[in-house]
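If you count by mature numbering (1 follows the signal peptide of the UniProt record, and there is no 0), then the sequence shown holds residues -23 to -1, 1 to 215, one letter each, in order.
Only one structure is covered here, and it is reproduced in the block below.
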Amino acid sequence: MSHRNLAALATALLLVAASAAEAKQWRYAGMHPRTGQPRDGLCHLEAPHVHSAAPLYADTLYRTRDNVYVFIGDPTPFGYEGPRHSYYGHHPVVLNVLVDIDVDVDVVEYCYHDGPHYHSYAPPPGQEFVDKEDVHFYAGEYPEEYRRENPKLVRVNTVYGGWNVPRPVVTFAPPPQYHGPIIQVNVDVDVRVGGRPPPPSREVIIIRDDDDDDDHHHGHDHDHGKHKKHKHKHKGWD
Ligand SMILES: [Zn+2]
Ligand SMILES: [Zn+2]
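This is how it looks when you write it as structure tokens:
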């Protein structure tokens, strides 16, 4: 093939790629981060609509139904200023309550935000929550789907860990009806997420009422760390 033919082919391929990119649209319903970067804020369109931009962090911040992306995360990093509800730990989210989609059976997804966080939405009806000091705790059992998706979806905490997110202040232990992970974010000890090491900014301590894990004693006395002292005798050159 001649150089000229190659160039023509390359141009044709570029045109095809460009028109494919133009044609690609992503369907959203409900409020969602405009780009996924906190500084770019939120899109407040509630009705189903399209954007030419793909959702950023789609696999952790969104759930999909019929190719419609629904943002279920904490909107706080994106400058959200509307009414908000305080939650602690993992809980169900019902997509057809959040947005107007036509279903016969509730579409139940799970939020994997560790520790205290905010949502723009109240706990969905038909799901069991207990409130303690205005913080919602899920009081039901976690199904198999929740456990199966956990390693992937819990990475939402890695995403948010890179942002400076104000959180509800929760200084008390969760009520006994809550069976999810008890992780106080931004305190002291590292926790591994999905088997991968956490980023340096993610510092987590696990507090539980019913065990003695709060004794984080790291004061090991390592004798092998001691150095023998050598006496340096300087013999003068004089
Ligand atoms: Zn939008
Ligand atoms: Zn949540």
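For every residue, glycine included, the Cβ atom is placed at its ideal position computed from N, Cα and C.
In this text the structure is predicted, and so the values were computed from the model without any measurement.
Measuring only the C-alpha atoms, how far is residue i from residue j?
i, j, result
"I160", "G66", "8 Å"
"R144", "H94", "5 Å"
"R40", "V47", "5 Å"
"residue 228", "V27", "The structure shown does not extend to residue 228, since the chain is modelled only from -23 through 215, so no value can be given for it."
"W140", "P153", "30 Å"
"R11", "C20", "5 Å"
"D37", "G92", "Looking at the sequence itself, residue 37 is Thr, so the reference to Asp does not match. One C-alpha to the other measures close to 16 Å."
"G50", "H96", "7 Å"
"V84", "V70", "8 Å"
"H111", "Y5", "Position check: residue 111 holds Asp in this sequence, whereas His was assumed. Each residue's Cα considered, the two are about 30 Å apart."
"P25", "V142", "28 Å"
"F149", "F106", "17 Å"
"Y64", "P151", "11 Å"
"T135", "Y34", "11 Å"
"K1", "H68", "33 Å"
"residue 253", "N44", "Given a span of -23 to 215 for the chain in the structure shown, any question on residue 253 remains unanswerable."
"P15", "P52", "9 Å"
"W3", "A30", "7 Å"
"D77", "P158", "31 Å"
"E23", "L75", "9 Å"
"H62", "E126", "24 Å"
"V147", "D79", "37 Å"
"V82", "R42", "13 Å"
"G13", "A116", "31 Å"
"D108", "L72", "21 Å"
"P120", "E58", "33 Å"
"V60", "Y98", "For clarity, residue 60 is Pro in the given sequence; the question names Val instead. P60 and Y98: Cα-Cα distance of roughly 8 Å."
"G138", "R124", "22 Å"
Quick one: does the C-beta of residue i sit closer than 8 Å to a heavy atom of ligand 1?
i, result
"Y34", "no"
"R11", "yes"
"Y5", "yes"
"L22", "yes"
"H62", "no"
"H156", "no"
"H28", "yes"
Using 8 Å for Cβ pairs, my map puts residue i next to residue j. What's the rounded Cβ distance?
i, j, result
"F55", "G18", "6 Å"
"H156", "E122", "So it is not a contact: roughly 16 Å between Cβ atoms."
"P101", "H113", "That belief does not hold up - the Cβ atoms of P101 and H113 are roughly 11 Å apart, past 8 Å."
Taking 8 Å as the cut-off, is the beta-carbon of residue i closer than that to any non-hydrogen atom of ligand 3?
i, result
"Y39", "For the structure depicted, ligand 3 is absent and the ligand set comprises only ligand 1 and ligand 2."
Q.
Tell me which residues pass a beta-carbon proximity test against ligand 2: closer than 6 Å to any heavy atom, given in chain order.
A. Y64, H68, C88, H90, H94 and H96
Q. Is there contact between the region 125 to 136 and the region 82 to 89, where contact requires at least three CB pairs shorter than 8 Å?
A. yes
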